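To start, the structure itself, in structure tokens.
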Amino acid sequence: MIKDSLAKALNDQFNAEYYSAYLYLAMSAYADRLGYKGIANWLAVQAKEEMAHGTHIYHYLLERGAAPSFQDVKAPQASYESLQAVFEKVLSHERHVTELINQIASLALNEKDHAAYNFIQWYVDEQVEEEADAEDMAVKFSRIGDNPGLLYTIDAQLGMRQFTNPFAKS
Ligand code: FEO
662 MIKDSLAKAL NDQFNAEYYS AYLYLAMSAY ADRLGYKGIA NWLAVQAKEE MAHGTHIYHY
722 LLERGAAPSF QDVKAPQASY ESLQAVFEKV LSHERHVTEL INQIASLALN EKDHAAYNFI
782 QWYVDEQVEE EADAEDMAVK FSRIGDNPGL LYTIDAQLGM RQFTNPFAKS
């Protein structure tokens, strides 16, 4: 049986992942309304990944005998000054998520819950990738600025991103 402190932290995290999905979907809507369907696609795929993370953690709680508790999902920021500002927010948000994941890993160690520690390692690794991708995007958009030709090119590239569920059984 999982300790209450750890169940609460994982519970907060699955709700935080659903908030991340809201945040990215709202960013996707912003890009879509500017006419950048490819950038909107990239952000919508990001939102689907966050839903998958949330649901994965929620299932883990059930597996460990804890009752998942659904919280209110805060309304995300809906408008931005620019696409550059969107990707700066993506980066700062992912850095924040890394802190949350690291706190859970530390708690699992303190509680000597090796199963939970092992479970959360997937997210520790995932955050390395999430931050690297977010940094890459933030740099790209800072260089692109409002150059229409470069925006057209990156919009076409980001339109190719497809969602694959990282937890799908093959
Ligand atoms: Fe669920 Fe973007 O980390």
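Our numbering puts the last residue of the sequence shown at 831; the count rises by one with no breaks.
Ideal placement from N, C-alpha and C gives every residue a C-beta, glycine not left out.
Given the structure is predicted, the values throughout are model-derived calculations rather than measurements.
Shown here for A670: same chain residues with a beta carbon closer than 6 Å to its own, the five before and five after excluded, namely I765, L768 in chain order. Taking the Cβ of H757 as the reference point, every heavy atom of the ligand FEO lies at 6 Å or farther away.
Collapsing the DSSP output to three states places K801 in a helix. Rounded to whole angstroms, the separation of the alpha carbons of K750 and T759 is 14 Å. When T716, P737, D733, A728 are compared, the shortest CA-CA separation from F828 is found for T716. Contact annotation: V706 and R822 have beta-carbon atoms nearer than 7 Å. A793 counts as exposed, since fewer than 16 other C-beta atoms from the protein chains shown sit within 10 angstroms of its C-beta. Burial state of D807 is exposed, judged by a 10 Å Cβ sphere holding fewer than 16 other Cβ atoms. Going by beta carbons, K735 and Y679 fall outside the 7 Å limit. S740 and M688 have their C-alpha atoms some 8 Å from each other. Judged by DSSP secondary structure, Q674 falls within the alpha helix (DSSP H) whose first and last residues are 665–694.
When V747, N779, E787, L684 are compared, the shortest CA-CA separation from P737 is found for L684. Using a cutoff of 6 Å, the CB of E791 counts as near the ligand FEO, since one of the ligand's heavy atoms is closer than that.
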